[in-house]
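Residue numbers (the UniProt record's numbering): 1 to 271.
Structure follows, in structure tokens:
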């Protein structure tokens with residue numbers, strides 16, 4: 001540690017301090033920054049040279065696009081004021097519109113020419129087909145006239161045929177309705193009419209005989225006669241009701257038969 005201290009003291013004693021130079025620290029710092037900028041600019045010099053060469057090449061290419069009479073000096077002297085720029089812009093718009101109109105006109109011209117060529121080809125084909133036609137022979141002409149007459153007759157006969165066909169459809173529909181009605185009437189005819197059976201009269205008759213015998217055996221004549229009258233009235237009313245129902249059923253059957261006969265006549269007429 002003592003040796004290190006001694007060596008540091010020797011270095012400190014060997015240092016020389018330039019006080020006037022320390023007083024110019026701001027100038028030194030300015031010089032240092034200038035040196036840094038110089039070194040940075042020197043490093044950027046190759047890149048800037050490349051960019052300059054590219055810009056010069058692009059300028060030359062643009063001058064060639066403008067025309068043979070343009071140069072860097074003329075471009076420098078060119079009027080770049082706002083009115084001139086506006087006039088150039090309007091001229092460019094007019095030129096662009098003219099180019100579009102010219103392009104559209106050329107397209108329409110090509111389409112019209114293509115259509116004209118197609119029409120010419122069609123005309124040539126029709127002319128060739130017409131030139132290939134020959135006059136029909138007399139026999140062929142007579143055959144064509146006959147076919148035309150047949151077609152005229154067929155056309156004149158179409159309306160009556162359509163009317164007859166429509167009438168036939170209507171008759172078929174009517175026949176179908178009449179047949180359905182006939183089947184319905186036959187079904188009704190096969191149905192049994194409402195009537196009263198005769199078997200209930202047998203128990204009533206047996207009861208009447210038994211009651212009469214009992215009354216005769218008991219000598220209750222007045223009551224027996226009354227009971228007999230009531231039983232006789234009941235049997236008579238039952239028989240009268242049965243006869244009435246039978247007659248009504250017969251009338252119904254007769255009406256159905258008459259209607260069925262009418263329907264059959266209508267079906268035969270339609271057939």
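Glycine is no exception: its CB is placed at the ideal position from the N, C-alpha and C atoms.
Sub-7 angstroms separation of residue i and residue j beta-carbons
i	j	result
residue 70	residue 63	yes
Residue i - DSSP class collapsed to helix/strand/coil
i	result
residue 240	helix
residue 160	helix
residue 7	helix
residue 67	coil
residue 29	helix
residue 262	helix
Where residue i falls, given that 16 or more other Cβ within 10 Å makes a residue buried
i	result
residue 194	Only weak support exists for where residue 194 lies, its pLDDT of 48 falling under 50; the coordinates are left without a value.
Going residue by residue through the segment 88 to 112, where are the continuous beta strand (DSSP E) segments of at least 3 residues, counting only ones entirely within it?
Taken in chain order, the whole beta strand (DSSP E) runs of length 3 or more contained in the segment 88 to 112 number zero.
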